[in-house]
Structure formats: structure tokens, C-alpha cells
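Reviewing the structure listed below.
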Amino acid sequence: MHSSAVFLIEFGAIILALGLLGRLAARLRFSPIPLYLLAGLAFGEGGLLPLGASEEFVAIGAEIGVILLLLMLGLEYTAGDLVSNLKTQYPAGLVDFALNAVPGAVMALLLGWGPIAAVVLAGITWISSSGVIAKVLGDLGRIGNRETPVILSILVLEDLSMAVYLPLVTALLAGTGFVAGGITLAIALGVAGLVLLLAVRFGRVISRFVSSDDPEKLLLVVLGLTLLVAGLAQQLQVSAAVGAFLVGIALSGEVAEGAHNLLAPLRDLFAAVFFVFFGLHTDPASIPPVLLPALALAVVTALTKIATGYWAARRAGVSVRGRWRAGGTLVARGEFSVVIAGLAVTSGIDSRLGPLATAYVLILVVVGPLTARYTDQIALGIAKWRRSRTAPAKPSAEPSAPAEVRDQDAVGRP
């Protein structure tokens, strides 16, 4: 069979499978990310139906998927939002980093993977999934809750920190050395600072330049500008994802809203391809040996994320129940963890890092929506049970009623 025909058949099968998996996830009301990862495992080497002709195209689509994910994330925030969050919520960001990045780094060192893998695994365990969390907040009707601004502030700080972290990891994985890595990081910080300054001062001018009443022209200009900036950023060893994120920040108002609506279907398509591509590079047989470390890491970092959200919400004056809800909502990991792991896998740093990251994300992307829904109920139930165990029994002033009467009273009481 002709190679182009094989490509069309393979790629069409992937897209069709993704559509069916997305529909299944919507019915089950949870994130489709774990299903996409499992599809990648099935289509990859060692899976049920290994790909051949279409793998190179899938790789390009995956890179576009990362770029669109970060662009859409940047469109969610204005430069003013980022600056105000940096000023008011930076202590929560520091606590988030300390509690959630350190376990990943320690695990990598305990496994003997070395300092570079420790930096990579720290990022994988540090960053929550903005996409999954935003969907969970909408599904649970918590957008207007008091704890939601705290959750969003932590997510903003994590996303902004990627503008520093991703270039650093890229330089470390490329083996450019301390001096070259320092130069790359300095360039990244300079570019990020310059874009934030331009966005604050001239955001309206930039948006007016990009703006168009014709959806087709707006789509072409925004997408072309994003890919151009992402390519230039990658050429400077800054990371294409960071370039796309900064373009999103620079756009605001009606332009950002219009671009968001136009690009959302493209983002969903290529993001799904990206998760499949990551799964393609993970042999299913390599997951069982790292399943226990992944599970241990998932348990520890789920608890540290809950602690992070609880502390940040308490600092903001949120009620006890809202504190637990904030912590439980932050547990999910997803797109950023896979992006970071994907950089490490393509650089060939350690063959076990990809499988561990896959298992880790699969666990927490499923557990995350459950902790968001039930953490506050479980925590308050445990607290109530502990109080009942420790409270001294009160002496009854009247003779106790027969068992039958007590049971009827308990049933009839509202």
C-alpha cells in the first residue's frame, strides 16, 4: 500500500479514536487526558497497534499542541493580573514550590537518576493542571466560591513560573553548561519581563493591531504570530511554549476573547495529539517497574497540594470548608507535567522518567476531580469523628428511654 494511503489510514484512525474517547470522557464527566495517554500507549512501540508512516506528522502536531495549550493559557490572563498576583500571592507560590517540587526532586535522587532528572521530576510534581482544574470548577459550580480566586492565583503563579523553569530545563537537558545555561535563563527572563512591560503599557495597541472583524483574518494573524514567536523563542533556546504563553499575555480584551473562541477547537485537537504522542514514546511494559514509586509520589504530592491550598486559603480568610476545597481542587496534574516529561524523554535523559511521569499523571488526573469533590466532606467528617471520640460523655439528667423509644425519636427528628 502507498505510504500516503497508510498515513491517512493511521492518522484518521487516531483522530477517530480520540473523538470517541473524548465523547466517553464527557459521559463519565472526567478529564479525557488519561484516555488520550492510554491511546498513545496502545499505538506506540510495544502497544497493540504500533504506528509507522504517521509518527513524524504526529510529532509535529504534538509540538503545535503544546504551543496552542500555552497560548490559550496566556489568553486567560492579562499582564495586570500577573503583576498583581506576583505582588499579593507570592508567599503562596513559594509554599507551593517548597511543598510540591521538593518531593519530586528527592524521589529522583533516591532512584539514582541524577541532579538533572531531579530538576525535571520536581517540575512534574510541582505544577497543577490548569485545564483539568478549570473544568472541575465549572462542573462543580464553584466559579463564584470564595476559595476560587485563591486557586486561580496559585495557578497563575505556577504558569508564570514556567517562563523561567522551561528555559532552565531546556538548557540543562541540552547539556549547554553553566555559563550557556545562565545566558539562556537571562534571555528568558529578559524576554518575559519585556513582554510583560509591553503588555502593561501597550496592550491595547498590540490588540488593536491584531484585531479584525473577520474571524478568518483574526485566526490567521493570531496563529501565525504565535507560531512565529514560538519559533524565534526556540531558536534562542528559550522554549517555544514560553513564547506562545507570552503572546497570549500580550493580547487582551475582545481580541483575546475572539482568539480564544476561534482557537479552542484547534487547541483541543492538537493537545489530544500531543498526549497521544507522549504515550507513543512510552512502552507499556516499562510502566509496572516504576508503578510503586509513581504511586508513592502521587500520594505524597496529593497531600502536599491539599496542604498548599489549605494554607493559602486560610491566609486569605476563607472558611475551613473552603480551605479543604481549595486544597483538594489543586491535586490534579496534567498538561504541564506531560510537557516537562516530554522534553526529558526526547532528550534521552533516563528511560524510566517517561514511564514514571505517565503513571503519575494517569493517577492524579483521575484522582484530582475526586479530591476536588470530596476532600472537604472527608476532612470535616474525620474531624467530627475525632471530636466525638475525645469529648467526655455527658451524664444524663433523666432516666434513659427504652431502646425502642430512642430509635423512634432518632428517626422522627428532622
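In the numbering used here, the protein residues as written are 4 to 417. Glycine is no exception: its CB is placed at the ideal position from the N, C-alpha and C atoms. The structure presented is a predicted model; accordingly, all values stated were derived computationally and were not measured.
Whose C-alpha, out of PHE100, LEU192, GLY117, ALA335, is nearest the C-alpha of LEU171? Mapped onto the sequence shown, residue 171 falls at position 168. The shortest Cα separation from LEU171 among PHE100, LEU192, GLY117, ALA335 belongs to LEU192.
If you run the structure through DSSP and keep just helix, strand and coil, what is ASN148? Within the sequence shown, residue 148 is the residue found at index 145, counting from 1. In the structure shown, ASN148 sits in coil (DSSP, three-state: anything other than H, G, I, E or B).
As a quick exercise: from GLY331, LEU295, PRO292, pick the residue whose alpha carbon is nearest that of ALA310. For the purposes of this step, residue 310 is identified with residue 307 of the sequence shown, where counting begins at 1. Looking at the Cα atoms, GLY331 is the closest of the given residues.
Between ILE130 and LYS387, what straight-line distance do the alpha-carbon atoms span, to the nearest angstrom? Reading the sequence shown from its first residue, position 127 is the one you call residue 130. Reading the sequence shown from its first residue, position 384 is the one you call residue 387. Spanning the two alpha carbons is a distance of roughly 32 Å.
Return the Cβ separation of THR229 and VAL250 in integer angstroms, given the expectation that the two are a contact with Cβ distance under 8 Å. As a working note, residue 229 is residue 226 in the sequence shown. As a working note, residue 250 is residue 247 in the sequence shown. Rounded, the Cβ-Cβ distance is 5 Å, consistent with contact.
Quick check on LYS308: buried or exposed, where buried means 16 or more other Cβ atoms within 10 Å of its Cβ? Here residue 308 corresponds to residue number 305 of the sequence shown, with the count starting at 1. Its Cβ being crowded by 16 or more others within 10 Å, LYS308 is buried.
Give the DSSP-derived three-state secondary structure of TYR363 in the structure shown. For the purposes of this step, residue 363 is identified with residue 360 of the sequence shown, where counting begins at 1. In this structure, TYR363 counts as helix in the three-state DSSP scheme.
Sorted by chain position, which residues of the same chain lie with C-beta nearer than 8 Å to ILE157's C-beta, five sequence neighbours on each side aside? The residue given as residue 157 occupies position 154 in the sequence shown. So the qualifying residues of the chain are GLN92, ALA95, GLY96, ASP99, SER131, THR311, GLY312, ALA315, LEU333.
Where does PHE33 fall in DSSP's three states? The sequence position of residue 33 within the sequence shown is 30, counting from 1. Reduced to three states, the DSSP call for PHE33 is coil.
Report yes or no: do the stretch 5-22 and the stretch 273-280 share at least 3 C-beta pairs separated by less than 8 Å? yes
Kindly indicate the opening and closing residues of the alpha helix (DSSP H) around ILE136. The residue given as residue 136 occupies position 133 in the sequence shown. First-last of the alpha helix (DSSP H) with ILE136: 133-142.
Closer than 8 Å: SER391 CB and nearest the ligand MN heavy atom: This structure simply doesn't include the ligand MN, nor any ligand for that matter.
Residue interval of the alpha helix (DSSP H) (run including GLU219): Position 216 of the sequence shown, counting from 1, holds the residue named residue 219. It spans 218-238 - the alpha helix (DSSP H) in which GLU219 sits, taken as one unbroken run.
Check whether ARG207 and SER255 have beta carbons under 9 Å apart: As a working mapping, residue 207 is identified with position 204 in the sequence shown. As a working mapping, residue 255 is identified with position 252 in the sequence shown. Cβ atoms of ARG207 and SER255: closer than 9 Å.
Could you compute how far the alpha carbon of GLY107 sits from the alpha carbon of GLY117? The residue given as residue 107 occupies position 104 in the sequence shown. The residue given as residue 117 occupies position 114 in the sequence shown. Between GLY107 and GLY117, the C-alpha separation is close to 12 Å.
Output the distance between the C-alpha atoms of PRO287 and PRO296, rounded to the nearest integer angstrom. To locate residue 287, count along the sequence shown from 1; it is residue 284. To locate residue 296, count along the sequence shown from 1; it is residue 293. Those two C-alpha atoms are separated by around 16 Å.
Pair within 9 Å by beta-carbon distance, ALA101 and ALA111: On the sequence shown, residue 101 is found 98 positions in, with the first residue counted as 1. On the sequence shown, residue 111 is found 108 positions in, with the first residue counted as 1. Taking 9 Å as the Cβ cut-off, ALA101 and ALA111 do not qualify as a contacting pair.
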